[in-house]
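For the sequence shown, the positions run -24 to -1, 1 to 392 when mature numbering (1 follows the signal peptide of the UniProt record, and there is no 0) is used. Ideal placement from N, C-alpha and C gives every residue a C-beta, glycine not left out.
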Amino acid sequence: MKNLKLSLLVTAGILAATANVATAEDVEVLHWWTSGGEAAALNVLKEDLESQDIGWQDMPVAGGGGTQAMTVLRARVTSGNPPTAVQMLGFDITDWAQEGALADLNILAGMEGWDDVVPEALQKFSKYDGKWVAAPVNVHSTNWVWANKAVLDELGIAPPQTWDEFVAALEKVKASGKTAIAHGGQAWQDATIFDAVVMSTGGPEFYKKAFIDLDPEALGSDTMKESFDRMSVIRSYVDDNFSGRDWNLATAMVINGDAAFQMMGDWAKGEFLNAGKAPDQDFLCFRFPGTQDQVTFNADQFAMFAQGPEVGKEQAALATAILSPKFQSAFNVVKGSVPARTDVPNDAFDACGKKGMADLAKAAGSGNLYGSMAHGHANPAAVKNAMYDVITAHFNGEYDSATAVEELVNAVEIAQ
């Protein structure tokens, strides 16, 4: 039955493609990289393909977490017209692979030695049933804090190393009249902060039990309640106009000196660079206090949708371009992330990039590299979205911490 569904999908996709303005040498790419820094990074990939006479048909869908893009993708596939390639995260790749919708990249991966240079933690999502179905672009780590250096210097604040030091720094910024934390009130952004807070509060073993193993005792524990209590503290240092704000606008508040801190993945660095700012001079990057030894990660990957019995020539060219060491360096220098390959030198990377690469290598080697719950690398989408609902409801004052813990246990149980 699955093969019949795939056959119908591929046939419909081919028929739809004949009516599309894209030619056989074009790639139609669905993605959510629409901010200034992200668009600059994406141009590196476009230019690489154009040098091979392969056109790029852009299909951007705004929304930093990719939720809207996945909704658009489902509609496209349902109508029998899947894009050539789609930016995806974690378990979303697994879900589409289970449906038999993705092209088999195994021959290409074998020829180019992907198994030898892509970390196993990423391969968990790049592969399905032993076959490569996606090409990883990068590794983002999500437990970063970004700070305006001038604001911190003016107030005599050093990068905080503990939760108590962080709260003291937030209070000092608030007392100065500036916004302490720049934040956008969107579910995935709330969850990004919660990721780091839980790791800091409970440590890596607790994080694994709660978010990866989905252990009911961990989810319903006093440690989880304390994590929600800390989220309430963070909420008290966010400005009143945070609701619905896009993440890059929150980053701009830090860039412009209107706010001191932002908790966001390392894609935020691309916004600082795009604004002409330099690390250690204009802005600071450091791990969320209490998570200095851990890295929570997500990885942008491009999944290729099946268009026939073999991967398309233009799809193979896209995948090859993505995994080339030259592109991995050039792209990630601009994007703010670090390469998905372990053999890319750090020469071209700035201070934050070098720190990110060193942190990743150390975390991977010490067993401290964990998939981010907030970004679809700890548990399946249904569970993640159920967690989103509870985290955001609590952040917006609909639940107290005790109620949030109860709701989290129930939501995860129902979602599984």
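_On the criterion of 16 or more Cβ atoms from any shown chain inside 10 Å, does L195 qualify as buried, or is it exposed?_
buried
Exercise for review: Would you kindly work out how many angstroms separate the C-alpha atoms of F182 and A77, rounded to a whole number?
Suggested key: 35 angstroms
Does DSSP put T138 in a helix, in a strand, or in coil? coil
Q.
Taking 7 angstroms as the limit between beta carbons, can you name the residues of its chain near K201, skipping five residues before and five after?
A. S377, A378 and V381
Considering Cα atoms alone, identify which of R206, S212 and V94 is closest to L151. Correcting the residue identity first, residue 151 is Ala in this sequence and not Leu. Of the candidates R206, S212 and V94, the one whose C-alpha sits nearest the C-alpha of A151 is S212.
Run through the DSSP bridge pairs and tell me what R263 is partnered with. W120
Are the beta-carbon atoms belonging to A226 and A158 less than 8 angstroms from one another?
yes
Practice task
Would you be able to state if there are at least three C-beta pairs under 8 angstroms between the segment 124 to 138 and the segment 340 to 351?
Solution key: no
- request: Between the Cα of V385 and those of I83, T296, M207 and E193, spot the shortest distance and give me the residue it belongs to.
  value: E193
Through-space distance from G266 to G343, alpha-carbon basis
16 angstroms
DSSP beta-bridge partners of H7: P36
Practice problem: Quick one: grab the DSSP three-state call for D323. | Solution: coil
Quick check: residue 398 and D365, are their CB atoms within less than 8 angstroms of each other? Nothing in the structure corresponds to residue 398, since the chain is present only between -24 and 392.
Exposure of A254, with buried meaning 16 or more beta-carbon neighbours within 10 Å
exposed
Per the contact definition of three or more C-beta pairs closer than 8 angstroms, is the segment 296 to 305 in contact with the segment 224 to 239?
no
Q | Other residues of its chain near N250: CB distance less than 7 angstroms, five sequence neighbours each side excluded | A | G12, G13 and A16
| query | If you run the structure through DSSP and keep just helix, strand and coil, what is A167? | reply | helix
Determine the extent of the beta strand (DSSP E) in which F248 is found, giving its start and end residues. No beta strand (DSSP E) holds F248; the alpha helix (DSSP H) holding it covers A244 to N250.
Practice prompt. Give me whichever residues DSSP pairs with V314 in a beta bridge.
Written response: V115
Report task. Could you pull out every residue in the same chain whose Cβ sits closer than 6 angstroms to the Cβ of Q119, ignoring the five residues on either side in sequence? Result -> Looking at the sequence shown, residue 119 is not Gln but Asn. So the list reads A172, R263, F264, T267 and T272, once near-sequence residues are dropped.
(message) Quick check on D276: does DSSP put it in helix, strand or coil?
(response) strand
Point to revise | Buried versus exposed, by CB contacts within 10 Å (16 or more), Y375 | key: buried
**Asked** Near V309, which residues of its chain fall below 8 angstroms by C-beta distance, leaving aside the five closest residues on each side in sequence?
**Response** A324, F325, D326 and G329
Could you tell me which uninterrupted beta strand (DSSP E) segments, each at least 3 residues in length, are contained entirely in the segment 175 to 244, listed from first to last along the chain?
235 to 239
### Query
So, helix, strand or coil for Q268, using DSSP?
coil
Original post:
Where M64 and S219 are concerned, what is the direct C-alpha to C-alpha distance, given to the nearest angstrom?
Top reply: 26 angstroms
Worksheet item: Under a three-way DSSP split, which group does V127 fall into?
Response: helix
Does G86 come out as helix, strand or coil in the three-state DSSP assignment? helix
* Asked: Thinking C-beta only, is A111 closer than 8 angstroms to A295?
  -> yes
- Query: Excluding five sequence neighbours on each side, which residues of the same chain lie with their C-beta closer than 6 angstroms to the C-beta of L345?
  - Reply: A97, V271 and A339
Quick check on DSSP: helix, strand or coil for L65? strand
On the DSSP letters alone, give me the boundaries of the alpha helix (DSSP H) that I390 sits inside. S377 to A391
**Item:** Which residues DSSP lists as bridging Y346, in chain order
**Value:** T272
key: Secondary structure of I157, DSSP reduced to three states   = strand
Quick test of your reading: A61 and V3, contact by CB under 8 angstroms. State the CB separation rounded to the nearest angstrom. 6 angstroms
Rounded separation between G284 and D34 - CA only = 22 angstroms
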